[in-house]
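Participant: To start, I am sharing the structure in question, which I have written as C-alpha cells.
2 protein chains.
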Amino acid sequence: MDDLETRELRYFVAVAEELHFGRAADRLGIAQPPLSRAISRLERRLGVQLLDRDRRGVTLTAAGRVLLVEAEAALGAIATAVRRTQLAGSPQLPLVLATKAGASHELLQQLLDALAADGQSVDVLLCEVGEQAGLLRRGRADLALMHIPYDDLAGFETEELFVEGQVAILPAAHPLAARDQLTLADVSAVPDLPIARWPRLDGTYPDGPGPEVHTQSKLAQLVALGKTLLVIPASSRAWQWPEHVAVPVVDAPEVTTVIAWPSDSHSDEVASIVRSAVKLL
Amino acid sequence: MDDLETRELRYFVAVAEELHFGRAADRLGIAQPPLSRAISRLERRLGVQLLDRDRRGVTLTAAGRVLLVEAEAALGAIATAVRRTQLAGSPQLPLVLATKAGASHELLQQLLDALAADGQSVDVLLCEVGEQAGLLRRGRADLALMHIPYDDLAGFETEELFVEGQVAILPAAHPLAARDQLTLADVSAVPDLPIARWPRLDGTYPDGPGPEVHTQSKLAQLVALGKTLLVIPASSRAWQWPEHVAVPVVDAPEVTTVIAWPSDSHSDEVASIVRSAVKLL
DNA sequence: ACGCCGTGATACTCCCCAGGTATCGGCCTA
DNA sequence: TAGGCCGATACCTGGGGAGTATCACGGCGT
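Going down the list, the sequences are from chains A and B.
Its first residue numbered 1, the first sequence is counted upward by one per residue in full-length UniProt numbering.
Its first residue numbered 1, the second sequence is counted upward by one per residue in full-length UniProt numbering.
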C-alpha cells in the first residue's frame, strides 16, 4: 500500500496549496484533466476523501490536511536522499548553507573565510524569514544559521554560535531615535510606527495594527519608507538603511544564533563545517 | 531533481539489500532486465555510481550505502503519510501498537483492557527484538512498547510506564538455579551457558562464545533446549519455559518500559492512548 | 582446455497509463 | 437566461516500463 508515486504526492501538494485544479495544473506544467484524474485515483487508492469539491472551489478535508503535511515531509525526505547521495558520490560538491538575508553578516563572512581557508566549498542560500527549517527538511540545504527564540529547531542538531541583544530600527527623524536606549514598553507604545506582523506557521497573521509582511524584502521596503518599527538582533543592523538609526532595546529577549543541521545527517563534511564554525567563537 | 519515483527507491532498496539483481527482481515480482535498466537509469539521473558490478556479484559504493539509508527513511515517510491519512479519514480505524513478543505481558493486557473499556480499538503487532523503531518509522505502527536501555528511541516521544529489575533464566537443573539471587559476575562466569549474541544495528554480531540469534523464536528454542543463558526484565518471565527458573540479577541495569510514538505524530487517538497508558501506573 | 553455469547487460517488442484536446455539467452572477 | 468559471468525463496518442530472448563474460568443474 506504500506504492504511492512521488508524482501523486507532488500533484496533491500542488492542489492542496492552490486549492484550485487549474492553477495547480499550471504550476505543475500539465493540463487540468490529468490532474483531476490523478487526484481522484489517489483518493480511491487511499480509500479516503482528501478534497471537498463544493460549488465555488476546493477545500481540504481533515484527511487532506494530514496528507498535505505528511506528503511535504515525505517529499522532503526524498529530496534529502537525493542531495545526500550526490554529496556522498562527489565529495567536492559544495554544501549548502541556508541563512536569512541580512542576519549575522560578519559571522557569515568569518565562517566563509574560515571554510575557504580549509578548502571546503560552501554555497550560501539566502532565504526568507523562517524558511531555513523547510529548506533543511526539504534537502535543499545541509546547514542553516537559525535564531533562538525565533526559529523552529525541532528535528535539528544545533551548536550555539553567539548571543546578542536586540536593537530597534527607527527613522532618524523619529523622537525615539534620539534616545540611547529603549525598553519593549517604549517600543510597543509607538502608535505611529506599529511593529510588522509576520505570518504564523499556519499562514495566518496575528492581530495588531502593524502591516502584514511575509518576506524580508517587503519588510525592508516598509522600513525604508518609515512605515514600521523593527526590533532585530544587534548584528543585523549591518543591513542599514539610510535615514535610520539603531537603538538598543535593553529588555528585549536575547537572540542566540546557532548553526543547525538535520539530526539524521551523517555527513563528514557537515560535521567539519560545524567544527569550523564553533572554532570561530 | 526530486523527481525520483518511489518505484525507483523500492527497486534500489531491494537490490541493495539482496546484492543480487536476480533475487531482488524476484522479490519485487518483476523480471531482471527492467530492474537492471531502472537501477542504471537511477544512477544516471543522480549522476552517482551506486553499485559496483564486479565479477562475482554486486557491492554498494559509499553513495549507495547513503542512498540505502535515506531511501528507507523516505519510503518510511511515505508509508507513514498513507497510514496517517487513512487514520484521519476513518477515525475508527484501529491504531497499531508494536511490541516485542513476550515482553510486559501483564502491562499489555491491562493496557488493552483499559482501551477496550474506552472504546478505542487497537491492533497489536508482535515483532522481533529491535524491530519496533523500524515499524514506527515505516508507518507500520503508530505506537510501540520499548525498553530503555535496549531500544533506540531517537526521533520518538516517550512516556515511562514502569521500571523493573532483571532476572536470569536458567535450566532448573543448573547449579546456579538454586541461588535466590545472582550478580552479573556470576552470570558471565558460566561457561556452559554462554549468553546469546544479538545482531548490532549494522547486522554484524559481537564476538563471544554464545550462539547467534536474531529472532525471539530462535532464542526461545535455544532456551528451551538449555543452550543459553538469558537475562531479561522480571516481567518477561511470564513467557516461562518448563524446566526453567528465574533468578533475580541484583546488579543488572534496571529496565524501563516506555510507550513510544513518532515525534511528528499529531494524532488525537495516539495521544489518547498514551494518556490511558500513563493512567495505568 | 573447454564448455557450462551463473550473472548482469542489451535488443526488441508490447501495451498500459500518463498526458493532451475537446467537451460536458453544475453553479454562480449579471 | 446567457455567459463564464471550474471540475469531471470521453477519447486519443505516445513514451516508457515490463516481458522474452539473447549476449558477454568470468568462474569453475571435469
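Positions of the beta carbon are idealized from the N, C-alpha and C atoms, including for glycine.
#1: Starting from residue 147 of chain B, follow its DSSP beta bridges and name the residues at the other end.
#2: Is any beta-carbon of chain A found at less than 8 Å from that of residue 40 of chain B?
#3: For residue 73 of chain B versus residue 77 of chain A, is the C-beta spacing smaller than 8 Å?
#4: Report the residues of the segment 79-90 of chain B with a CB closer than 9 Å to any CB of chain A, ordered along the chain.
#5: When you compare each of A:33, A:69, A:9 and A:27 to residue 42 of chain A by their alpha carbons, which one comes out closest?
#6: Mind checking residue 85 of chain A: buried by the 16 CB within 10 Å criterion, or exposed?
#7: Pull up the distance between the alpha-carbon of residue 50 of chain B and that of residue 89 of chain A, whole angstroms please.
#8: Determine, using beta carbons only, whether residue 166 of chain B and residue 231 of chain B come nearer to each other than 8 Å.
#9: State whether the segment 87-101 of chain B contacts the segment 144-154 of chain B, with contact taken as three or more CB pairs (one from each stretch) at a distance under 8 Å.
#10: What does the Cβ neighbour count give for residue 298 of chain B, buried or exposed, with the cut at 16 atoms within 10 Å?
#11: Please report how far the alpha carbon of residue 276 of chain B lies from the alpha carbon of residue 125 of chain B, in whole angstroms.
#12: Check each residue of the segment 58-74 of chain B: if its Cβ is closer than 7 Å to any Cβ of chain A, include it; give the result in chain order.
#13: Quick check: residue 13 of chain A and residue 60 of chain A, are their CB atoms within less than 8 Å of each other?
#14: Under 8 Å Cβ to Cβ from residue 253 of chain B, same chain only, skipping five residues before and after it: list those, please.
#15: Using only CA atoms, which one of B:127, B:261 and B:175 lies nearest to residue 215 of chain B?
#16: Are residue 159 of chain B and residue 278 of chain B touching if we call contact CB-CB under 8 Å?
#17: Just to confirm the assignment, what range does the alpha helix (DSSP H) spanning residue 81 of chain A have?
#18: Closer than 8 Å, CB to CB, is residue 7 of chain B near chain A or not?
#19: Over the uninterrupted alpha helix (DSSP H) stretch that includes residue 105 of chain B, give me the two end residues.
#20: For residue 264 of chain A, go through chain B and note every residue whose CB falls closer than 9 Å to its CB, in chain order.
#21: Which residue from A:198, A:170 and A:45 puts its Cα closest to that of residue 224 of chain A?
#22: State buried or exposed for residue 262 of chain B, treating a residue as buried only when at least 16 other CB atoms are found within 10 Å of its CB.
#23: Sorted by chain position, which residues of the same chain lie with C-beta nearer than 7 Å to residue 31 of chain A's C-beta, five sequence neighbours on each side aside?
#24: For a test of the three-state rule: what should DSSP assign to residue 245 of chain B, helix, strand or coil?
#25: Where does residue 282 of chain A land, buried or exposed, given buried means 16+ other C-beta within 10 angstroms?
#26: Pick from B:80, B:178 and B:116: whose alpha carbon is nearest that of residue 136 of chain B?
#27: Applying the 10 Å Cβ sphere with the 16-neighbour rule, what's the burial state of residue 196 of chain A?
#28: Residue 48 of chain B versus chain A: which residues are under 8 Å apart at the beta carbon?
#29: Is residue 147 of chain B near the ligand MN, judged by its Cβ being under 7 Å from some heavy atom?
#30: Out of curiosity, what's the CA-to-CA distance linking residue 22 of chain B and residue 48 of chain B?
#31: Exposed or buried, what is residue 70 of chain B when buried is set at 16 or more other beta-carbons lying within 10 Å of its beta-carbon?
#32: Are residue 121 of chain B and residue 91 of chain B touching if we call contact CB-CB under 8 Å?
#33: Taking the runs of the alpha helix (DSSP H) that are 4 residues or longer, which of them lie wholly in the segment 149-205 of chain B?
#34: Could you tell me the boundaries of the alpha helix (DSSP H) in which residue 37 of chain A lies?
#35: Under 8 Å, Cβ to Cβ, is there at least one residue of chain B near residue 123 of chain A?
Facilitator: In this structure, then:
#1: The partner list for residue 147 of chain B (beta bridge, DSSP) reads B:257.
#2: No, because no Cβ of chain A sits closer than 8 Å to the Cβ of residue 40 of chain B.
#3: For residue 73 of chain B and residue 77 of chain A, yes; Cβs fall inside 8 Å.
#4: Hits within the stretch, in order: 79, 80, 81, 82, 83, 84, 85, 86, 87, 88, 89 and 90.
#5: Taking residue 42 of chain A as reference, the option from A:33, A:69, A:9 and A:27 with the minimal CA-CA separation is A:9.
#6: So residue 85 of chain A counts as buried.
#7: Straight-line Cα distance between these residues: approximately 8 Å.
#8: Contact: yes.
#9: Taking a cut-off of 8 Å for Cβ pairs, the segment 87-101 of chain B and the segment 144-154 of chain B touch, as three or more such pairs fall below it.
#10: The structure shown does not extend to residue 298 of chain B, since chain B spans only 1 to 281, so no value can be given for it.
#11: Residue 276 of chain B and residue 125 of chain B have their C-alpha atoms roughly 19 Å apart.
#12: Hits within the stretch, in order: 62, 63, 66, 67, 70, 71, 73 and 74.
#13: Taking C-beta atoms as the reference points, residue 13 of chain A and residue 60 of chain A fail to come closer than 8 Å.
#14: The residues are 149 and 166.
#15: When each option's Cα is compared against that of residue 215 of chain B, the closest is B:127.
#16: Taking 8 Å as the cut-off, the Cβ atoms of residue 159 of chain B and residue 278 of chain B count as close.
#17: Note, residue 81 of chain A: alpha helix (DSSP H), 62-89.
#18: Interface annotation, residue 7 of chain B: in contact with chain A, CB-CB separation under 8 Å.
#19: Taken as a continuous stretch (DSSP letters only), the alpha helix (DSSP H) holding residue 105 of chain B covers 105-118.
#20: What residue 264 of chain A touches in chain B: 69, 70, 73, 154 and 155.
#21: Closest by alpha carbon: A:170.
#22: Answer is buried; the Cβ neighbour count reaches 16.
#23: Only 25 meet the Cβ criterion.
#24: Strand at residue 245 of chain B.
#25: Given a span of 1 to 281 for chain A in the structure shown, any question on residue 282 of chain A remains unanswerable.
#26: Closest by alpha carbon: B:80.
#27: By the neighbour-count rule (16 or more Cβ atoms within 10 Å), residue 196 of chain A is buried.
#28: Taking a Cβ-Cβ threshold of 8 Å, the residues of chain A close to residue 48 of chain B are 85, 86, 88, 89 and 90, in chain order.
#29: Of the ligands one can find in the structure shown there are none, so the ligand MN has no counterpart to examine.
#30: The C-alpha of residue 48 of chain B is placed about 22 Å away from the C-alpha of residue 22 of chain B.
#31: It counts as buried.
#32: The beta carbons of residue 121 of chain B and residue 91 of chain B sit no closer together than 8 Å.
#33: As far as the segment 149-205 of chain B is concerned, its whole alpha helix (DSSP H) runs of at least 4 residues are 184-188.
#34: From DSSP, the alpha helix (DSSP H) with residue 37 of chain A extends over 32-46.
#35: Cβ-Cβ to chain B under 8 Å: no for residue 123 of chain A.
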